[in-house]
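Right, one structure below, let's go through it.
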Amino acid sequence: MRNYLPDPSDLRWLVRSLELGSFSAAARELDVAVSVVTRGVDRLEAGYGVTLLRRSTHGLSPTAEGSELAQEARELLERLEDISGALSKQKNRVAGVVRLASSQEICEELVVPHLARLRAKHPALRIELVAEDRVADLVTDGIDVALRTTVGNSESVVACALGSFERRLYASPTYLRGHGEPTNPQELHQHFAVAHTAQGPTVDWKFSKAGRTMEVTVRPQLSANTTALVHHALVAGAGIGMLSCPLAAADVAQGRLVEVLAPFASGTCHTMFAVSLPSRRRAARVGAVIQFLQDAARKQWGLNSGD
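With full-length UniProt numbering, the residue at position 97 of the sequence shown is 97, and numbering never jumps.
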């Protein structure tokens with residue numbers, strides 16, 4: 001390669017185009033014309049004298065040189081951001097777009113009610129909500145922050161715990177009046193079960209009593225592909241199902257749901273994490289959103305991250 005000094009903006013076009021899978025997605029995120037992104041990558045290829053990206057109908061993929069340059073560029077851009085932060089005298093440096101992925105129900109119940117406060121604190125910040133129950137891929141989906149209850153080993157991510165909660169069984173008063181309330185877990189076989197389709201055709205519900213654990217396998221009469229639909233079905237009287245305690249709390253307080261088999265609750269705790277890629281975690285906008293999520297989880301649901 002010749003002694004060529006690239007423009008940092010061109011390096012940013014390359015990195016984000018690869019992470020998002022297309023020039024147009026990178027252009028939308030960075031609020032520029034697609035031609036600006038493509039010309040920047042063209043300049044890199046001309047300057048280095050190599051092909052960096054393969055273009056096809058399936059999207060973009062890096063050549064060996066493109067992959068190497070993208071990795072080096074990520075580290076360089078992070079360093080430049082650190083230098084800019086150290087020298088900047090601006091009071092508000094939190095700006096740009098943050099793509100936040102979560103289930104629809106958590107977006108509606110935890111994130112959306114507090115967005116006005118985030119906007120007031122960081123008016124130059126733009127949020128894109130990606131509401132799906134599936135686990136978003138941080139790289140291919142171009143996600144900056146994702147809310148998850150598990151942190152897989154397939155990705156190298158930075159995970160920030162927002163707090164822990166339990167999942168318990170609930171049903172509506174209408175359903176319980178019509179079908180009776182089970183007094184022990186084995187009686188669940190006599191009831192209509194509601195569950196998420198991701199759990200499969202049968203669901204294992206765990207219980208505990210006097211130090212003894214037990215498990216009951218039920219076959220749901222109703223399955224739905226989002227937590228929000230499961231929740232709405234339970235409130236509508238469709239049967240008995242499992243919900244996160246924070247998501248059920250408001251309906252329990254207002255009498256729309258009743259906890260079922262409370263003395264047999266397993267007590268198993270689940271932790272909610274805000275996860276991000278290491279290359280994005282140090283960005284001021286990402287840090288601000290994660291701090292916002294910690295505050296929202298504490299204020300809305302009483303969760304404590306322990307920080």
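Note that the Cβ used here is the ideal one computed from N, Cα and C, for glycine as well. The model shown is predicted, which means the values in this text are computed figures rather than measured ones.
Taking all protein chains shown into account, decide if Q294 is buried (16 or more other Cβ within 10 angstroms of its Cβ) or exposed. buried
Give me the Cα-Cα distance between R55 and S17, rounded to the nearest whole angstrom. 11 Å
From V216 to K206, what does the alpha carbon distance come to, in whole angstroms? 6 Å
Every unbroken alpha helix (DSSP H) inside the segment 97 to 178 [4 residues or more]: 115 to 121
Just to confirm the assignment: which complete alpha helix (DSSP H) runs, minimum length 4, are found wholly within the UniProt domain "HTH lysR-type" (6 to 63)? 8 to 20, 23 to 30, 34 to 48
Three-state secondary structure (DSSP) at H196? strand
Is S266 helix, strand or coil when you go by DSSP? coil
Closest by C-alpha distance to E68, when choosing among L14, T38, S103: L14
Are V157 and L277 closer than 8 Å when you measure CB to CB? yes
What does the Cβ neighbour count give for residue 310, buried or exposed, with the cut at 16 atoms within 10 Å? Examination of residue 310 is not possible in this model, given that the chain is present from 1 through 307 alone.
By DSSP's criteria, T213 is part of a beta bridge. Which residues make up the other side? S208
Can you tell which of E29, Q254, Y175, Q199 has the C-alpha that lies nearest to the C-alpha of L100? E29
According to DSSP, is V94 helix, strand or coil? coil
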